[in-house]
């Protein structure tokens, strides 16, 4: 056992650098074991990246037995066979000396930095004994399980279900939840963007050129460069996407909904909307139209600082390109408590021009089962979802279920931050333990001080991760997960306009004593006495169950890494429908207009698109109709504080990765020259931001690319766990400045607050 402290850190920094010296002191780290040679599984392996939530298809090639070169998989055409900076840096995880490669057990107080190595069996038994005692004394529901959304999160949630707790959470309420819940309320399902075929794009702060999604980012580039699409951006700062736009409007933070509603006002009252589409596929139009009558461009200007003339002109330009135009619905951090209606208003602007299932608009996507029905034949194989008989029937309510307004979030990731109140205030009941996989709430949740108190109040905290993250530093047990280059996973559905699948495969043999999280939570389930709920032996067993034991199909998917089937199909695009019918002799006949519009259904209570929702009204009285509600995000003597994503990092997940830390290790605060001038602040000066919940010190970046009443920082920096990290210890910790508040209906954490700025 060894304690990490500032003296150890500085002593190491005087030699060849703090990173290696520090890591060599840490039990369980890669630096603490003998270096192993890199053993490739094959010369090249098709797999899936995990450096962000997009999870692009990749190829991993072993170079001279010493390194891994990562490139895009050319089979995935929309991704362009490319990777971003984060994807290209994934190989640096493998030999990072700070990486944890053996299980660790806390030896001191939580967050103190004292650890001892422990065997896997002893770690499982320690956790199982604690969990079973907590279950016996307080009920299974007193344990929360959380994971970053995506690959392998199903395994930690399967363990939660087998254990008997309803309290499972993804990162949805910190990032994508609002636009998903808004889509569920209006369409009954998630929606996708067809940016690549759009002729006119309106963007509300979705900085797709920094928060990169390779497929969608390339689609936007294609639309702008190849098709000459016009891009209009509403955002408080001059981001990269604003820089690439035809127009940038420096909208006041939190007022996007006013402009979106004003656009809808113009579309309706200047008779620019698609009345036939609305009549056939939409309910609640009359109520919505009556509400938006008051939301004129002139009114929106008074709220948002965007000129009325610009709003009216943009609405007319947008409608002139219908239906091959789109208002991008996300995503970014939540800027306002009215996030749910902001997203619904954005969807409404799409619905009004009838761009649903049309090129350049938004669409629902085609999975194999539905696609095959249209084709009249088995064009794409249909995967099975392995089930387990006898899973416990959970009667306890979720901790976020006490609020009926969050009903649509209960099965969509949950309201993550309710863990805080359930732990500190026993609302609606007391949580006692927290099991996490690949999630870092100390960075991604708001009000860091409360998150720290929550972790310290738990009887048991377990983190499955690659590093001792800011959150893992407060764990009782750290379970080291293998990197994505060292593990296999189930086949994943990547369907878009046609069915597609891809699979993650390990490219190199495991380094150290790490395990994939599917194995970790299966073995922990066995230690808990829940082995009957794990009828599979390994990941290949699960894969074969998915493909109905079709060995040749599984081999094909593994060889290609990414496979797609059939012709792209959008149900209301006649040219696509015609090509589809020509390809499949038994295909469904087209409607009289050459489309499949009559087959378009929505999983809403009405079966149609709901501009006004009786379901939402029942959940949250007064919110069935989309409307504007004034919000106060700061005091008169404060500045708006907003955050965003940067192209070389992923929220609070990649800042410790060596290559990426070298690319960006700090998040200087953007300040307008006039605002900076009042305080005699210059670029590079030390500054302090103070909010109602915390204070942070950082560095100024004076730039005209931001509103005078606003300051901005990239998220994910400023970790307080400085003894264990590289870049994250520098800069502003955004969560330490943001109050713990949730937006109605969608339950999103709110990423705008008021701060006072001072020069140090």
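Residue numbers (this note's numbering): 27 to 786.
A virtual CB, placed ideally from N, CA and C, is assigned to each residue, including glycine.
Since this is a predicted model, take the numbers as computed values, not measurements.
Per DSSP, the bridge partner or partners of residue i
i	result
residue 701	BP columns for residue 701 are empty, so no partner.
residue 670	740
residue 132	141
residue 275	260
residue 780	666
residue 82	None; residue 82 has no bridge partner.
residue 219	388
residue 727	696
residue 481	Looking at the DSSP assignment, residue 481 forms no beta bridge with any residue, so it has no partner.
residue 626	Paired residues: none, contrary to the question.
residue 74	83
residue 714	723 and 784
residue 98	84
residue 541	507
residue 775	768
residue 518	528
Spatially closest choice to residue i from the options, by CA coordinates
i	options	result
residue 313	144, 62, 242 and 649	649
residue 611	451, 399, 739 and 367	399
residue 789	407, 442 and 411	Since the first and last residues shown for the chain are 27 and 786, residue 789 lies out of range.
residue 456	583, 579, 759 and 193	193
residue 475	529, 562 and 745	745
residue 669	636, 739, 641 and 65	739
residue 346	394, 296, 330 and 449	296
residue 108	238, 351, 472 and 593	238
residue 652	408, 767 and 287	287
residue 673	74, 79 and 95	79
residue 176	75, 248, 240 and 460	75
residue 482	722, 786, 500 and 536	500
residue 720	83, 250 and 765	765
residue 285	272, 229 and 555	229
residue 646	99, 303 and 367	367
Separation of residue j from residue i, as counted between CA atoms
i	j	result
residue 361	residue 761	14 Å
residue 775	residue 533	37 Å
residue 585	residue 72	7 Å
residue 161	residue 167	8 Å
residue 43	residue 494	Bear in mind that the predicted position of residue 43 carries a pLDDT of just 37, short of 50, making it unreliable; the figure below should be weighed with that in mind. Approximately 19 Å, taken between the alpha carbons.
residue 430	residue 559	31 Å
residue 492	residue 124	9 Å
residue 446	residue 480	6 Å
residue 609	residue 181	39 Å
residue 268	residue 409	41 Å
residue 59	residue 538	8 Å
residue 289	residue 372	9 Å
residue 561	residue 516	15 Å
residue 198	residue 695	26 Å
residue 394	residue 595	12 Å
residue 8	residue 678	Lying outside 27 to 786, the shown extent of the chain, residue 8 is not represented and no answer is given.
residue 138	residue 747	9 Å
residue 319	residue 291	6 Å
residue 47	residue 554	Bear in mind that the predicted position of residue 47 carries a pLDDT of just 44, short of 50, making it too unreliable to give a figure here.
residue 580	residue 426	40 Å
residue 278	residue 780	13 Å
With 16 other Cβ atoms within 10 Å as the buried cut-off, status of residue i
i	result
residue 365	buried
residue 383	buried
residue 414	exposed
residue 770	buried
residue 135	exposed
residue 418	exposed
residue 469	buried
residue 300	buried
residue 49	Low local confidence applies: a pLDDT of 43 at residue 49 is under 50, so the model's placement there is unreliable, and no value is given.
residue 615	exposed
Proximity of residue i and residue j at Cβ, strictly below 8 Å
i	j	result
residue 709	residue 686	no
residue 707	residue 700	no
residue 520	residue 528	yes
residue 54	residue 141	yes
residue 422	residue 165	yes
residue 283	residue 377	no
residue 565	residue 514	yes
residue 112	residue 680	yes
residue 354	residue 219	yes
Residue-level contact to chain D via CB, residue i, 8 Å cutoff
i	result
residue 383	Of the chains in the structure shown, none is chain D; there is only one protein chain.
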